[in-house]
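Numbering (UniProt numbering), first residue to last: 1 to 440.
Structural data, given as structure tokens:
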């Protein structure tokens, strides 16, 4: 029964438990047998193809397959095996069997040595094999580059095999340039390429997935399949871009803050400060503001002043209370918010007038009205008069009541009359007149 390379192959695991692998190992054990019996290379090729079909491709069986193909199909067979080996090393290095790097190195070094030995006894028939040698050189260079990336090129000893191929290429090129017909040496029977159909160059597709999956990752394709692969790749790339764009838009839409959140952030933004005199001078000298821009800024300044005039006198206190209220609403159980509220309340109480001073002005004015009424009553009766001592006592009490709560207008007058531009304290009344002694 003839086995051909499957149309689609996959990366396989360990084949040690399979009977085909045991048969392969026994057959290739003849290479090191003291009696040196002949190896049935066609049977080796068939067993390798069975392993490819049932277990998948791994490094040991593909190297045996390469060696068998070279014995049965010559240079074309070696190229088939080198291509599969290079594809496996290039795309499946992290998952292929065996996993041990030392074992991989020994397998590839053994393959290189045996291919070199076969190539030495394989006398090239004519210059038509030159194209096959060019392919061999290309596949070996690609395989060497892959191994060099893993720092295993020297350990796998591919350089000697590449040198052997280059020597054969040089020999054929010289034969072509000379134009003479050199005598041909007949090849050994085991090195002659078979003309049977199962020794034709292999065509297959590589898949890293199980066989039921239709996805192909690498392989030898015809022009139509190559075009289909490019179309599928382009379609997948466009789909990935569209999906990525939709995903980014969705994430942005989900993370975009609500209008209330943006307004909350705006309430916590510090108010901008006017420019300092140095900044204003620098802007006046270096700025390139046009008349149109200047007019726009003047209008904006006017609107800002109108807004400031519309603010109530206690705007800062109201704004602070609103900030505390929104923080308490959003985080009612946060101890930092409670501490913040307590500190704010203490600052408000420290800046407010004491309760004892709130009624001082009113009490002074009330006592002054009572005194005025008593004096008027004495004039009407014409019999009773206040003594000087009583009058001084009343005036002293009225003065103390009025001085305990100085009106805002009086405070502003004292500020305007400050000596040497120094501001007089609003809380300390330094200009109080000497208290009136009610006793003589």
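Quick reminder that beta carbons are idealized off the backbone N, C-alpha and C, glycines included. Only a predicted model underlies this, so the values are computations on that prediction, with no experimental measurement involved.
From the DSSP output, which residues share a beta bridge with residue 11? 57
With respect to 8 Å, is the separation between the Cβ of residue 300 and the closest non-hydrogen atom of the ligand FAD below this value? Absent from the structure shown: the ligand FAD. Ligands present: none.
Please check if any C-beta of chain D sits within less than 9 Å of the C-beta of residue 65. Here there is only one protein chain, and chain D is not present.
Using the rule of at least 16 other Cβ atoms within 10 Å of the residue's Cβ for burial, across every protein chain shown, is residue 112 buried or exposed? buried
For the putative contact between residue 364 and residue 401, defined by C-beta atoms under 8 Å, what is the C-beta separation to the nearest angstrom? 3 Å
Touching by the beta-carbon criterion (3+ pairs, under 8 Å), the stretch 100-114 and the stretch 48-55: No: the two stretches stay apart, fewer than three of their Cβ pairs being nearer than 8 Å.
Residue 146 vs residue 89 beta-carbon contact at 9 Å: Result yes, Cβ atoms of residue 146 and residue 89 sit closer than 9 Å.
Reference residue 468; option with closest CA among 57, 168, 166 and 144: Because the chain here runs from 1 to 440, residue 468 falls outside it and cannot be looked at.
Which residue marks the beginning of the alpha helix (DSSP H) containing residue 335, and which one marks its end? 335-351
Compare the beta carbon distance of residue 86 and residue 134 with 9 Å and say whether it is the shorter of the two. no
Nearest CA to the CA of residue 114: which residue from 148, 84, 371 and 70? 70
Candidates 104, 174 and 316: which alpha carbon is nearest residue 150's? Nearest option by C-alpha distance: 104.
Supposed close pair residue 324, residue 309 - CB separation, criterion 8 Å: The pair is not a contact, with the Cβ atoms about 26 Å apart (cut-off 8 Å).
Run through the UniProt domain "ImpA N-terminal" (10-111) for me and flag every whole alpha helix (DSSP H) of 4 or more residues, listed as ranges in chain order. 19-28, 41-54 and 59-91
Tell me whether the beta-carbon of residue 58 lies closer than 9 Å to the beta-carbon of residue 14. yes
Going straight from the alpha carbon of residue 284 to that of residue 237, what length do you get? So the two alpha carbons sit approximately 56 Å from each other.
Beta-carbon separation (whole angstroms), residue 132 vs residue 79, contact threshold 8 Å: Contact flag correct, Cβ pair sits at about 6 Å.
Check each candidate in 11, 75 and 307 and name the one with the smallest Cα separation from residue 61. 11
Integer Cβ distance of residue 116 from residue 137, believed to fall under 8 Å: Contact flag wrong, Cβ pair sits at about 14 Å.
Report yes if the CB atom of residue 68 is closer than 9 Å to the CB atom of residue 45, and no otherwise. yes
Given a threshold of 16 other Cβ atoms within 10 Å of its Cβ, counted over all protein chains shown, does residue 148 qualify as buried or as exposed? exposed
By the 10 Å Cβ neighbour count, where 16 or more other Cβ atoms means buried, how is residue 233 classified, buried or exposed? Counting every other CB atom within 10 Å of its CB across the protein chains shown gives residue 233 a total below 16, marking it as exposed.
Chain-order list of residues whose beta-carbon lies under 8 Å from that of residue 317 (same chain, five-residue window excluded): 348
Quick check on the burial criterion: 16 or more other C-beta atoms within 10 angstroms. Buried or exposed for residue 41? It is buried - the Cβ of residue 41 has at least 16 other Cβ atoms within 10 Å.
Anticipated Cβ contact below 8 Å, residue 82 with residue 72, distance rounded: Distance from residue 82 to residue 72 at the Cβ level is roughly 15 Å; contact not present, criterion being Cβ atoms closer than 8 Å.
Here's a check: name, in chain order, each residue in its chain whose Cβ is nearer than 7 Å to the Cβ of residue 28, leaving out the five neighbours to either side. 39, 44 and 64
Kindly indicate which residue of 94, 95, 165 and 129 has the alpha-carbon position closest to the one of residue 118. 165
Note down the Cα distance separating residue 300 from residue 261, rounded to an integer number of angstroms. 27 Å
Just to confirm, are residue 101 and residue 152 a CB contact at a threshold of 9 Å? yes
Under a three-way DSSP split, which group does residue 150 fall into? coil
Reference residue 270; option with closest CA among 129, 320 and 393: Just measuring C-alpha positions, the residue of 129, 320 and 393 sitting nearest residue 270 is 320.
Give the range of the alpha helix (DSSP H) segment to which residue 389 is assigned. 388-403 is the span of the alpha helix (DSSP H), which, as asked, contains residue 389.
Measuring only the C-alpha atoms, how far is residue 126 from residue 76? 14 Å
Specify the secondary structure class of residue 331 as computed by DSSP and reduced to three states. coil
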